[in-house]
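To start, the structure itself, in structure tokens.
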Amino acid sequence: MDTELLFAGLTIAELIGYTASLIIAVSMLMTSILKMRWMIFSGNMIFIVYGILIGAYPIIVLNGFNMVVNAYFIWQAYKLQGNYAVLPANLNAPMLERFLVYYANDIRKFFPDFQRFEKEDIVFLIVKGTAVISVAGFRKNHDGSCNVVLDYVANTHRNMKPGKLLFERENVFALLNTDTIFAESFHIRHTVYLHRMKFKPTENVNEFVLRKPY
Numbered sequence: 559m560d561t562e563l564l565f566a567g568l569t570i571a572e573l574i575g576y577t578a579s580l581i582i583a584v585s586m587l588m589t590s591i592l593k594m595r596w597m598i599f600s601g602n603m604i605f606i607v608y609g610i611l612i613g614a615y616p617i618i619v620l621n622g623f624n625m626v627v628n629a630y631f632i633w634q635a636y637k638l639q640g641n642y643a644v645l646p647a648n649l650n651a652p653m654l655e656r657f658l659v660y661y662a663n664d665i666r667k668f669f670p671d672f673q674r675f676e677k678e679d680i681v682f683l684i685v686k687g688t689a690v691i692s693v694a695g696f697r698k699n700h701d702g703s704c705n706v707v708l709d710y711v712a713n714t715h716r717n718m719k720p721g722k723l724l725f726e727r728e729n730v731f732a733l734l735n736t737d738t739i740f741a742e743s744f745h746i747r748h749t750v751y752l753h754r755m756k757f758k759p760t761e762n763v764n765e766f767v768l769r770k771p772y
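If you read the sequence shown in our numbering, its first letter stands for residue 559, the second for the next number, and so on.
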């Protein structure tokens, strides 16, 4: 392809490279993870074209890999769409109180320290159709990070979908206005769940952390 100067002293290849960089940069401003992944996917494709034009195979390989990864997560996000929804919850909401009372014994298996939410906690209900199937609550720390107070799914709907809906599709970081979420696990099944949600172990016993992707 002709790479003669096209605009403002830039070649076609340079313009394509700058365009891809701009798209990736703008994607970091997206509050929706799904929109962010679509933007990054587009940027990856344009970077591949750029790599072909300048003969940079590492750029082609890296962005080809990233494009496949983003395509997978986009597909996963659309699979979760349908009857599932994440709704902010008032602490006095009857459905929230009913859920916590009904599943109290099972909740204690996974969250033995949980007693109740505090008034400053940020709580979400995950519903399927009109049924509440999950409750997730978070508490802000002084440094702006958040702790998971409760992340419980009813045993009748216990799979990874509610968690993926919250932590991947809905961009929980934007909902909480934070870039770091800490969680504790006292049950092997919850530890497996945290790993599936991309939480990483910290130096502290039973503590895990999830950081906003950049």
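Heads up, the beta-carbon is just placed ideally off N, CA and C, and yes, glycines get one too.
Straight-line measurement puts the Cα of glycine 567 at about 44 Å from the Cα of phenylalanine 725. In terms of Cβ geometry, phenylalanine 672 and valine 681 do not form a close pair [threshold 8 Å].
Three or more beta-carbon pairs drawn from the stretch 681-692 and the stretch 712-721 are found closer than 8 Å, and the two stretches are therefore classed as touching.
One Cα belongs to isoleucine 574, the other to isoleucine 632, and the distance between them is close to 24 Å. The straight-line gap separating the alpha-carbon atoms of serine 600 and isoleucine 617 is approximately 15 Å.
Three or more beta-carbon pairs drawn from the stretch 663-672 and the stretch 738-753 are found closer than 8 Å, and the two stretches are therefore classed as touching. A straight line joining the alpha-carbon of alanine 614 with that of tyrosine 608 spans about 8 Å. In this structure, isoleucine 591 places its C-beta atom within 8 Å of the C-beta atom of arginine 727.
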